[in-house]
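Using the working numbering, the first residue of the sequence shown is number 22, and each one after it goes up by one.
Here the structure comes first, spelled out in structure tokens, and everything after it is commentary.
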Amino acid sequence: MKCFCFIGLLLHAWQVYAQLTELVHEDFKDNHLGWFEESDSRHSIRIKNGYYEIISPEGGWMTYIFPFVDESRDFSFEASFTQTEGSTDNGFGFIWGYNSESKKINNFVISSNGYAKVYTSDEKRKDAKEWKKITGVKALGLPNKLKVEQRKGVMKFYVNGKEEFSMSKLPWYGKSVGFVTYTNMRLLIDDFSLRSDVTINLPPDLATGVKKINLGEGVNTKYDEVTPKISVDGKTIFFSRKHAPENLGGVDDASDVWYSTTKDGVSWSASKNMGAPVNTTKVNNIASISQDNNSMLLAANNDFEIFERTGNGWKSAGMLGIKYENEHTYFEASLAADGKTMVFAARNKKSLFYSEGKEEKDLFVSVKQSNGQWSEPVNLGPVINTRGNEASPFLAADGRTLYFASDGHPGYGGLDIFMSKRTGDSWTSWTKPVNLGPEINTFGFDAYYTVPASGDVAYLCTSAGGYGKSDIVQIKLPQSVKPDPVVLVLGKVLNAKTRKPVQAGIVFENLVTGKEAGEAISDPATGDYRIALPYGINYGLHARTKGYLSVNENLELVDVKTYTEVNKDLLLVPIEVGEAIQLNNVFFEQGRPILKPESYPELDRLVTILKDNPTMEIELSGHTDNVGNPNSLVVLSQARVGAVKDYLVKRGIATSRITGKGYGATKPMVKNDSEEHRRMNRRVEFKVTKK
């Protein structure tokens, strides 16, 4: 919502949707919809005692919001106005369609001494210019009900239930709607409602009693806090702060990246500036933070600059390599949980309804290819993108649930937040966007939605109340707009011998398809990593870095149906003669020496290690549980060693570099006293015999 003082020009009227469906009913008991409030020595505008009170200076005042109105369809809006003080021969009432650049406007006003008027900036409309004496206006101190209605292209204007004007519909110059006074007076506004035949697509379990919990003075200030990015574990929030004296460039610095932490999701630490090299004296806008918190992306020169955490801070790691064009002033993006998909908002000639001079953005996607390059950005299509503005996308950890802001889909005003789910594997196939409802969306600015892996809460920016024009708040999510459940995997990457932290890349693979499902980087100081993975899949995971062999692990998540946290430390073994490594993700058919396809990614990694270390030689060893004839188990284990060796040789490894032996059940890791222990004893290992 905006507020402007004006002198002279006649202004008035307000707007809403028309029809039988009431979209908004405002009794001004509180400011949950985000009405503008401000007071100084000259004027005051505030919600007080169940009214929206305007005490305007000489020259008048107007205040407006940005509700969603389709001007081509029926709509109506009405409110009660009570002038209690000031001149009785000057106007008050509604304004709508105001454009702050051209100053063009429509209004419908009355005066307490019995006059009414419809005004428009359209010079051709002679039917909407002059004051008219009417009999239905109540005197100073009494409430007057004004109503503006459009049906089938005809506008009607009512005072206390009586039609006073009728004319063909007036043009809209902008999207704003609000209230106006022409001169100094005290005006009380109440019982405002907005109706329309436009249907808002709401969730089936529309939330009631939603509380927007301000993150407090540790995060929010009188300056604007925008573009929040919550860490996957919900413990750290990164955001941009505008024109703060503590920005590296001071108040002239349009944006720096800041962060704050929490232990309980309630109390947040005093925010800290990220400092150089992440921040400079110029604009620094965070586009995305990786799930492991160890790399972040900043928008820069139609690309993304990568920053990586080091042992003592951050460093630039160059550009990501997504090339895009953006003609809009602002830019937002979201990196998917797997680190392989980027959804971003931009305006360019690939926008569906691109028009010169029109400031609207569409959402696009770029996907990381197998060669490490990023694909040409693709428009998400007409289900998501409209003739209006789509902005601030956030792709949840499930990789399918998209939250975004839009003023093109039917909503409550300004930028509303919507949710849509991707159907299938296409990035242009989506469910119809769902508006998150009036207790989350307001008449003001609501955007920059971000959700941790748990999916229980969300963080967003709103202009409704708080410390500044844009504050970060937390809300609890209703079930129908939550992302699909994921599993949060977290742990440390450690040297297997010393147990000291190691910085390494961590890769997660779908054991059925062999495709990479995600990637992360461990913290160089602590070894910590974290990543969210879709449930219902079995994964293999391993860490890798130069000079080490990876102990590969697997996660059996087929039966997981709800949000779950799994702790899994990963070990890296220094490459030394005599070191034995278990191939955890090598699987055989029951009682047979035939490799299952889900074994291939694990064996392909061993091929890579051997090719990267061309002088290395290894010895394979095969082991079984104790179920069966001991001699037969030795034969089976030897045959399985042979199957692994054949796989490696077929992929270019010299047979002379590989020896092997089957031990059957003679060398168990643990006692064969349970099915879980027998599973652990069924294994293939390799030992470095030459470095």
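Beta carbons are placed, not taken as given, at the ideal position from N, Cα and C, and that holds for glycine.
Exercise. Spatial neighbours of LEU576 within its chain, please: CB distance less than 6 Å, with the 5 preceding and 5 following residues excluded, ordered by chain position.
Key: Along the sequence shown, read from residue 1 onward, the residue named residue 576 stands at position 555. Correct list, in chain order: TYR560.
Quiz item: Would you report the Cα separation of VAL508 and TYR73, rounded to the nearest angstrom?
Solution: For this step, residue 508 is matched to residue 487 along the sequence shown. For this step, residue 73 is matched to residue 52 along the sequence shown. Distance between the alpha carbons of VAL508 and TYR73 is about 47 Å.
Quiz prompt | Pairwise C-alpha distance: THR220 and SER309 | solution = Taking the sequence shown and counting its residues from 1, one reaches residue 309 at position 288. Taking the sequence shown and counting its residues from 1, one reaches residue 220 at position 199. Spanning the two alpha carbons is a distance of roughly 33 Å.
Quiz item: Hey, which unbroken runs of the beta strand (DSSP E) at 3 residues or more fall wholly within the region 581–647?
Solution: DSSP runs (the beta strand (DSSP E)) wholly in the region 581–647: 585–588, 591–595, 601–603 and 638–644.
Practice problem: Using only alpha-carbon positions, find the residue among VAL594, GLY489 and ASN531 that is nearest to ARG565. | Solution: Within the sequence shown, residue 565 is the residue found at index 544, counting from 1. Nearest of VAL594, GLY489 and ASN531 to ARG565, Cα basis: VAL594.
Practice problem: Figure out for me which residue from ILE630, THR710, GLN603 and ALA320 has the closest Cα to the Cα of MET690. | Solution: Taking the sequence shown and counting its residues from 1, the one referred to as residue 690 is at position 669. Closest option to MET690, Cα to Cα, is GLN603.
Self-check item: Assumed close pair TYR584, PRO506 - CB separation to whole angstroms, cut-off 8 Å
Solution: The count along the sequence shown starts at 1 and reaches residue 584 at position 563. The count along the sequence shown starts at 1 and reaches residue 506 at position 485. Sure, about 5 Å apart at Cβ, within 8 Å.
Exercise. For PHE374, count neighbouring Cβ atoms within 10 angstroms of its own Cβ and tell me buried if that reaches 16, exposed if not.
Key: Position 353 of the sequence shown, counted from the first residue, corresponds to residue 374. Burial is judged here by how many other beta carbons sit within 10 angstroms of a residue's own beta carbon; PHE374 has fewer than 16 and is exposed.
Quiz item: Can we count VAL90 as close to the ligand SAH, meaning its CB is less than 7 Å from some heavy atom?
Solution: Ligands in the displayed structure: none, and consequently the ligand SAH is not present.
Practice problem: Report the three-state DSSP secondary structure of VAL655 (helix, strand or coil). | Solution: Counting from one through the sequence shown, the residue named residue 655 turns up at place 634. Three-state result, VAL655: helix.
Quiz item: So, is LEU457 buried or exposed, given that buried needs 16 or more other C-beta atoms within 10 angstroms?
Solution: For the purposes of this step, residue 457 is identified with residue 436 of the sequence shown, where counting begins at 1. The residue is buried, with at least 16 neighbouring Cβ atoms inside 10 Å.
Self-check item: Helix, strand or coil at ASP285 [DSSP, three-state]
Solution: Taking the sequence shown and counting its residues from 1, one reaches residue 285 at position 264. Residue state, collapsed to three classes: coil.
Self-check item: Which of helix, strand or coil DSSP assigns to HIS698
Solution: By one-based count along the sequence shown, residue 698 stands at place 677. Helix.
Self-check item: Integer-rounded CB distance, given that GLY434 should sit under 8 Å from PHE87
Solution: Numbered from its first residue, the sequence shown carries residue 87 at position 66. Numbered from its first residue, the sequence shown carries residue 434 at position 413. The C-beta separation of PHE87 from GLY434 comes to about 5 Å, placing the pair in contact by the 8 Å criterion.
Practice problem: With a 10 Å radius around its C-beta and 16 neighbouring C-beta atoms as the bar for buried, classify ASP313 as buried or exposed. | Solution: Taking the first residue of the sequence shown as 1, we reach residue 313 at position 292. Here ASP313 is buried. Its C-beta has 16 or more other C-beta atoms within 10 Å.
Practice problem: Please classify ASP667: does DSSP put it in a helix, a strand, or coil? | Solution: By one-based count along the sequence shown, residue 667 stands at place 646. DSSP places ASP667 in helix when its eight states are reduced to three.
Quiz item: Just curious, the beta strand (DSSP E) that ARG408 is in, first and last residue?
Solution: One-based indexing of the sequence shown puts residue 408 at position 387. Careful: ARG408 lies outside any beta strand (DSSP E) and carries neither H nor E.
Self-check item: Member of VAL253, SER484, VAL201 and GLU623 whose CA lies at the smallest distance from the CA of PHE464
Solution: Within the sequence shown, residue 464 is the residue found at index 443, counting from 1. Just measuring C-alpha positions, the residue of VAL253, SER484, VAL201 and GLU623 sitting nearest PHE464 is SER484.
Quiz prompt | 8 Å contact criterion, which ARG330 and PRO545 should meet: CB distance rounded | solution = Residue mapping note: residue 330 aligns to position 309 of the sequence shown, counting from 1. Residue mapping note: residue 545 aligns to position 524 of the sequence shown, counting from 1. Between ARG330 and PRO545 the beta-carbon gap is near 7 Å, inside 8 Å, which marks them as a contact.
Quiz item: PHE98 and VAL169 look like a contact to me (Cβ under 8 Å); what is the Cβ gap, rounded to whole Å?
Solution: To locate residue 98, count along the sequence shown from 1; it is residue 77. To locate residue 169, count along the sequence shown from 1; it is residue 148. That belief holds up - the Cβ atoms of PHE98 and VAL169 are roughly 6 Å apart, short of 8 Å.
Quiz item: Under 8 Å between the Cβ atoms of TRP451 and VAL404?
Solution: For the purposes of this step, residue 451 is taken as residue 430 along the sequence shown, with counting starting at 1. For the purposes of this step, residue 404 is taken as residue 383 along the sequence shown, with counting starting at 1. Yes, these two residues count as a Cβ contact at 8 Å.
Quiz item: For VAL533, which of helix, strand or coil comes out of DSSP?
Solution: Along the sequence shown, one-based indexing puts residue 533 at 512. In this structure, VAL533 counts as coil in the three-state DSSP scheme.
Self-check item: Selection from ALA321, VAL705 and ASP549 that minimises the alpha carbon distance to ALA601
Solution: Translated into positions along the sequence shown, residue 601 becomes position 580. That would be VAL705, whose Cα lies nearest to the Cα of ALA601.
Practice problem: Could you tell me whether the Cβ atoms of THR547 and LYS513 are closer together than 8 Å? | Solution: Within the sequence shown, residue 547 is the residue found at index 526, counting from 1. Within the sequence shown, residue 513 is the residue found at index 492, counting from 1. The Cβ-Cβ distance between THR547 and LYS513 falls below 8 Å.
Exercise. Within the region 132–199, note down every full alpha helix (DSSP H) run reaching 4 residues or more, in order along the chain.
Key: No alpha helix (DSSP H) of 4 residues or more sits fully in the region 132–199.
Exercise. Indicate the three-state DSSP secondary structure (helix, strand or coil) for ARG661 in the structure shown.
Key: Taking the first residue of the sequence shown as 1, we reach residue 661 at position 640. ARG661: helix per DSSP, three-state reduction.
Quiz item: Helix or strand or just coil, what does DSSP make of VAL726?
Solution: With the chain represented from 22 up to 712, any question about residue 726 goes unanswered, as that position is not in the structure.
Practice problem: From the DSSP output, read off the bridge partner residues of GLN495. | Solution: Translated into positions along the sequence shown, residue 495 becomes position 474. ILE234 and TYR480, per the DSSP bridge assignment.
Practice problem: Note down, in chain order, each residue of its chain lying with its Cβ closer than 6 Å to the Cβ of CYS26, except the 5 sequence neighbours on either side. | Solution: Mapped onto the sequence shown, residue 26 falls at position 5. Note on CYS26: pLDDT 43, under 50, position unreliable in the model; the coordinate value appears next. Counting only Cβ-Cβ distances below 6 Å, and skipping sequence neighbours, we find TRP82.
Self-check item: Coil, strand or helix - GLN394 by DSSP
Solution: Position 373 of the sequence shown, counted from the first residue, corresponds to residue 394. Reduced to three states, the DSSP call for GLN394 is coil.
Exercise. Can you tell me which of the three DSSP states VAL572 falls into?
Key: On the sequence shown, position 551 is the one that residue 572 refers to. Coil, per DSSP.
Self-check item: Close Cβ partners of PHE707 (< 6 Å) along its chain, the five nearest in sequence each way excluded
Solution: Along the sequence shown, one-based indexing puts residue 707 at 686. Excluding residues within five positions, the ones whose Cβ falls inside 6 Å are ILE602, ILE639 and LEU641.
Practice problem: Determine the contact status of LEU401 and PHE415, defining contact as a CB-CB distance below 8 Å. | Solution: Counting from one through the sequence shown, the residue named residue 401 turns up at place 380. Counting from one through the sequence shown, the residue named residue 415 turns up at place 394. No; because the gap between Cβ atoms is not below 8 Å, this pair is not in contact.
Quiz item: What three-state label does DSSP hand THR449 in the structure shown?
Solution: In the sequence shown, the residue the question calls residue 449 occupies position 428. In this structure, THR449 counts as coil in the three-state DSSP scheme.
Quiz item: Do you know offhand how far GLY673's Cα is from THR710's?
Solution: Looking up residue 673 in the sequence shown gives position 652. Looking up residue 710 in the sequence shown gives position 689. In this structure, the alpha-carbon of GLY673 lies about 19 Å from that of THR710.
Quiz item: Three-state secondary structure (DSSP) at ARG703?
Solution: Locating residue 703 in the sequence shown gives position 682, where the first residue counts as 1. ARG703 carries a coil assignment under DSSP once its states are collapsed to helix, strand and coil.
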